[in-house]
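With positions in the sequence shown counted from 1, the corresponding number in the working numbering is that position plus 2.
Glycine included, each C-beta is placed from N, C-alpha and C at the ideal position.
Note that the structure is predicted; figures quoted are calculated from it, not measured.
Each remark here refers to the structure printed beneath this line.
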Amino acid sequence: MKCLLYTFLLLVLPLSSFADGFIPVITNYSSLDYDGGLQNWAIEQGKNGEIYIGNNMGVLCFDGYNWDLTRMPGNAIVRSLLVDGNRLYVGGYKNFGYFTRDSFGNLHFTSLWKRVKHYRSHHDEVWNIIKTSEGKIIFQTFASWFEYDGYKVKVHYDPTHLPLYFFKVFGKIYAQLIN
3 MKCLLYTFLL LVLPLSSFAD GFIPVITNYS SLDYDGGLQN WAIEQGKNGE
53 IYIGNNMGVL CFDGYNWDLT RMPGNAIVRS LLVDGNRLYV GGYKNFGYFT
103 RDSFGNLHFT SLWKRVKHYR SHHDEVWNII KTSEGKIIFQ TFASWFEYDG
153 YKVKVHYDPT HLPLYFFKVF GKIYAQLIN
């Protein structure tokens with residue numbers, strides 16, 4: 003039965019898209035095309051349609067024709083992204099913040115990690131960034147999470163409730179905790 007189902011899915015469903023006259027355009031890009039690292043970790047689309055990719059070598063931006071690589075301070079890996087208005091929020095190892103474009107279109111980084119006070123790092127690496135319904139930006143690691151309200155960064159750390167992943171569903175945030 004499984005074999006029959008797989009055969010149906012592999013043969014019949016792709017043919018149904020041709021019946022409508024629609025053939026999707028797929029282009030594969032290698033790291034040689036975009037001149038970046040081999041691993042990509044996150045993807046977001048900006049308001050002008052440009053694609054941002056969190057990469058081992060920084061942030062890749064693709065406008066449909068050209069690739070640009072913007073490196074993070076210390077050449078850090080970019081693990082997470084979130085586009086919000088004119089800001090591109092990024093997260094990586096012991097650093098998170100946002101990029102904005104100047105009048106020439108160049109990306110400039112503002113570190114929010116530097117605003118974190120009285121916190122001992124637990125090798126924090128930001129794997130997830132979400133925006134709350136109140137407009138706050140949450141940077142989530144596997145040890146803690148950081149809440150940015152546009153002015154200050156608030157640290158949330160509880161060794162008995164370590165976050166594994168945050169999910170935003172219908173405006174509410176749910177946390178999957180370790181153990």
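Does the Cβ-Cβ distance between residue i and residue j come in under 8 Å?
{"i": "Ile139", "j": "Tyr176", "result": "no"}
{"i": "Leu179", "j": "His163", "result": "yes"}
{"i": "Phe141", "j": "Phe111", "result": "no"}
{"i": "Val118", "j": "Val155", "result": "yes"}
{"i": "Gly56", "j": "Leu71", "result": "no"}
{"i": "Leu109", "j": "Tyr150", "result": "no"}
{"i": "Ile132", "j": "Lys174", "result": "no"}
{"i": "Tyr54", "j": "Glu46", "result": "yes"}
{"i": "Gly38", "j": "Leu62", "result": "yes"}
For the alpha helix (DSSP H) containing residue i, name the first residue and the last one.
{"i": "Asp70", "result": "It is not in any alpha helix (DSSP H) - Asp70 instead sits in the beta strand (DSSP E) that spans Trp69 to Thr72."}
{"i": "Leu34", "result": "Ser33 to Tyr36"}
Between the options, which lies nearest to residue i when the distance is taken from Cα to Cα?
{"i": "Tyr95", "options": "Thr72, Tyr150, Asn130 and Lys49", "result": "Asn130"}
{"i": "Gly66", "options": "Tyr100, Gly173 and Ile28", "result": "Ile28"}
{"i": "Ala44", "options": "Asn181, Asp126, Lys174 and Leu84", "result": "Leu84"}
{"i": "Gly93", "options": "Asn58, Lys174 and Leu34", "result": "Asn58"}
{"i": "Phe172", "options": "Pro75, Ser32 and Thr134", "result": "Thr134"}
{"i": "Leu166", "options": "Asn88, Leu62 and Asp126", "result": "Asp126"}
{"i": "Asn2", "options": "Ser82, Val128 and Glu52", "result": "Residue 2 lies beyond the residue range present for the chain, which begins at 3 and ends at 181; the question has no answer from this structure."}
{"i": "Asn68", "options": "Gly76, Leu34 and Glu136", "result": "Leu34"}
{"i": "Val128", "options": "Pro26, Gly38, Ala78 and Gly23", "result": "Ala78"}
{"i": "Lys116", "options": "Gly137, Pro75 and Asn181", "result": "Pro75"}
{"i": "Tyr121", "options": "Pro161, Gly137, Ser82 and Phe101", "result": "Pro161"}
{"i": "Glu136", "options": "Lys49, His124 and Gly152", "result": "Gly152"}
{"i": "Asn42", "options": "Phe101, Lys49 and Ser32", "result": "Ser32"}
{"i": "Gly48", "options": "Asp86, Ser123 and Phe168", "result": "Asp86"}
Along the beta strand (DSSP E) that carries residue i, what are the first and last residues, could you check?
{"i": "Asp86", "result": "Val80 to Asp86"}
{"i": "Glu149", "result": "Ser146 to Tyr150"}
Is the region 138-153 touching the region 101-108, taking contact as three or more C-beta pairs under 8 Å? Contact between the region 138-153 and the region 101-108 is absent: fewer than 3 CB-CB pairs across the two stretches fall below 8 Å.
Those runs of the beta strand (DSSP E) which lie wholly inside the region 100-164 and span at least 3 residues: If you keep only unbroken beta strand (DSSP E) runs of at least 3 residues inside the region 100-164, you get 109-113, 130-133, 139-142, 146-150 and 155-159.
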